[in-house]
Amino acid sequence: MLWLAAAVLSALFAGLTAILAKCGIKNTDSDIATALRTIVVLIFSWVMVLIVGSAGTITKIEPKSLVFLVLSGLATGASWICYFKALSIGDVNKVVPIDKSSTVLTVLLAILLFGESNHLAVKLIGTALLAVGVFLMIEKKNSGQKETKRAWLPYAIGSAVFAALTSVLAKIGITGVESNLGTAIRTGVVLVMAWAMVFVKGKQIMLKSLDRKELLFIVLSGLATGASWLCYYYAIQNGDVSVVVPIDKMSILVSVLFSAIVFREKLSKKAVIGLLLMVVGTLAMAIWS
């Protein structure tokens, strides 16, 4: 059951990623931050590949696995771009719950595509609790507040959809591939996509005016992401996607806790109930699956 421990560590590091990234994009453009973070993750990933000695197996990867790893990387890149854009303009405790709603779609796809139907009733009930929890955590703005305050919402939804596709595509692509190597290959795809977005939008000029303190947080966020990915893809390679993904998404607890401490972001009573439902749904799937 080592994959369960890996899933828990993945959640911890993912929770730290959101907070560190938020600190690094107060003044730094989100696309620039995403591209810089990806460099850190790529270096981290290949260091791990060299440590475990799996670099030599790259020529043995089947074409099908390679195609799905690339597709997973593209989905990840799209999810990151949406996610960090949402974080740059919205509160952590509002953006993160919607991003984590990708769990619902991922679990349903895992049941349909991979036949992960063991303890099906528990998984469906847990998924329903997650969906209700996310709905409750989406705060409605008071009528006196401008609608522009919710400009982050479409980006958060896009992040969730692409994140769900990432997990499913990665599960297919990582079959027969050492998990660290699979992570490194995917990260290379994300790197190309992230920097392409920077140059297409003509934002490379902003690199000259980077705040050093924010750059440090961006690097730390990249390291946290790398650690999270390594744990996550080991877990989905060796365990059930429908169990690993909900556990990983419990990074929301870490994110919400630190957002309250660092950014003074408060949750309403309704949002607290929603968070508790998400926790209960996840624990149900983790314990009885």
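Numbering that gives the first Met the number 0 numbers the first residue of the sequence shown as 0 and each following residue consecutively. Glycine included, every Cβ here is placed at the ideal spot set by N, Cα and C. Just so it is clear, the structure is predicted and the values come from calculations on it, not from any experiment.
Asked: Where Phe216 falls, given that 16 or more other Cβ within 10 Å makes a residue buried; Found: buried
Asked: Simplified DSSP assignment, three categories, for Ala4; Found: helix
Asked: Host alpha helix (DSSP H) of Asn26 (start-end); Found: No alpha helix (DSSP H) holds Asn26; DSSP gives it neither H nor E.
Asked: Residue closest to Ala5, alpha-carbon to alpha-carbon, out of Glu264, Leu229, Phe262, Cys81; Found: Leu229
Asked: Extent of the continuous alpha helix (DSSP H) to which Met192 belongs; Found: 178-199
Asked: Nearest candidate by alpha-carbon position, reference Arg308, set Ala226, Tyr154, Val243, Tyr232; Found: No statement about residue 308 is possible, as the shown extent of the chain runs from 0 to 288 and does not include it.
Asked: Cβ neighbours of Val40 in the same chain (closer than 6 angstroms, five flanking residues each side left out); Found: Thr186, Gly221, Thr224, Gly225
Asked: CA nearest to the CA of Ala162, picked from Leu190, Phe198, Val244, Ile38; Found: Val244
Asked: Cβ pair Phe67, Gly172 closer than 8 angstroms; Found: yes
Asked: Beta carbon of Lys248 nearer than 8 angstroms to that of Lys99; Found: yes
Asked: Any alpha helix (DSSP H) of 4 or more consecutive residues that is wholly inside the segment 88-136; Found: 91-99, 101-113, 119-136
Asked: Nonlocal neighbours in the same chain, by C-beta distance under 7 angstroms from Ser340, ignoring five residues either side; Found: Past the edges of the chain, shown from 0 to 288, lies residue 340, and the structure says nothing about it.
Asked: For Ile171, three-class secondary structure by DSSP; Found: helix
Asked: Other residues of its chain near Ile251: CB distance less than 8 angstroms, five sequence neighbours each side excluded; Found: Gly14, Val95, Pro96, Lys99, Leu274, Met277
Asked: Whole-number beta carbon distance between Tyr231 and Leu44, since they are thought to touch under 8 angstroms; Found: Rather than Leu, the amino acid found at residue 44 in this sequence is Ser. Not quite, the Cβ-Cβ distance comes to about 12 angstroms (not below 8 angstroms), so this is no contact.
Asked: Host alpha helix (DSSP H) of Ser260 (start-end); Found: According to the sequence displayed, residue 260 carries Ile and not Ser. Note, Ile260: alpha helix (DSSP H), 250-261.
Asked: Classification of Thr56 by the beta-carbon crowding that lies within 10 angstroms, buried from 16 upward; Found: exposed
Asked: Whole-Å CB distance - Val261 paired with Ile88, under 8 angstroms assumed; Found: The Cβ separation is near 18 angstroms, so there is no contact.
Asked: Delimiting residues of the alpha helix (DSSP H) encompassing Thr224; Found: 211-237
Asked: Cβ-based burial, Gln236 [other Cβ within 10 Å; buried from 16]; Found: buried
Asked: Boundaries of the alpha helix (DSSP H) in which Ile246 is found, first to last residue; Found: 240-247
Asked: Alpha carbon of His118 to alpha carbon of Val7, nearest angstrom; Found: 21 angstroms
Asked: Rounded separation between Arg149 and Asp90 - CA only; Found: 10 angstroms
Asked: Contact between the segment 70-90 and the segment 151-167 (3+ Cβ pairs under 8 angstroms); Found: yes
Asked: Contact check, Val240 vs Ala109, beta carbons under 8 angstroms; Found: yes
Asked: Simplified DSSP state of Ser53, which is helix, strand or coil; Found: coil
Asked: Same chain only: Cβ atoms within 6 angstroms of Trp2, ignoring 5 sequence neighbours per side; Found: Ala234, Asn237, Gly238
Asked: Own chain, CB closer than 8 angstroms to Gly280, minus 5 neighbours either side, in chain order; Found: Ile124, Gly125, Thr126, Ala127, Leu128, Leu129, Gly132, Pro245
Asked: Minimum C-alpha distance to Val51 - residue among Ala183, Thr75, Val253, Gly76; Found: Ala183
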